[in-house]
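Visitor: The opening position of the sequence shown corresponds to residue 1 in our numbering, with each subsequent residue numbered one higher. In this text, a Cβ means the ideal position worked out from N, Cα and C, and glycines have one as well.
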Amino acid sequence: MIISRSQIGQTVQAYSDQLRGRTSSAAPLRRKAGHDQVALSPEASRLAEARRLLKSIPDVRAERVSELTQAISRGEYRVSGHDIAEKMCGRLLVDRIK
């Protein structure tokens, strides 16, 4: 899983917006006799498209896993403790907000 500063920022911003009550409302539902119909707001349509695209992305990047496996086996993989701690704290923050 890739954890980026932008992901953390977007999650925090969405949470802040929700707390402030600045969420946009969906378009009103229209009803005709005998038929149910739902009209989605443009924002909801974009969200549905984003979800569809995210589902098409594999959870594991096999090429990257192979590169890392080789680097680890050669003893060439180095990550600073600071970088690890920063990612862990960011992930913790995002998980608590969700």
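Measure the beta-carbon distance from I8 to G90 and round it to whole angstroms, keeping in mind my assumption that it falls under 8 Å.
Guide: To locate residue 8, count along the sequence shown from 1; it is residue 8. To locate residue 90, count along the sequence shown from 1; it is residue 90. The Cβ separation is near 5 Å, so the contact holds.
Visitor: Given a cut-off of 8 Å on the beta-carbon distance, is the pair K87 and I3 in contact?
Guide: Locating residue 87 in the sequence shown gives position 87, where the first residue counts as 1. Locating residue 3 in the sequence shown gives position 3, where the first residue counts as 1. Yes, Cβ-Cβ distance for K87 and I3 is below 8 Å.
Visitor: What does the alpha-carbon distance come out to for the pair T69 and V79?
Guide: Within the sequence shown, residue 69 is the residue found at index 69, counting from 1. Within the sequence shown, residue 79 is the residue found at index 79, counting from 1. The alpha-carbon atoms of T69 and V79 are separated by roughly 14 Å.
Visitor: Would you identify the three-state DSSP class for R74, choosing helix, strand or coil?
Guide: The residue you call residue 74 lines up with position 74 of the sequence shown. In the structure shown, R74 sits in coil (DSSP, three-state: anything other than H, G, I, E or B).
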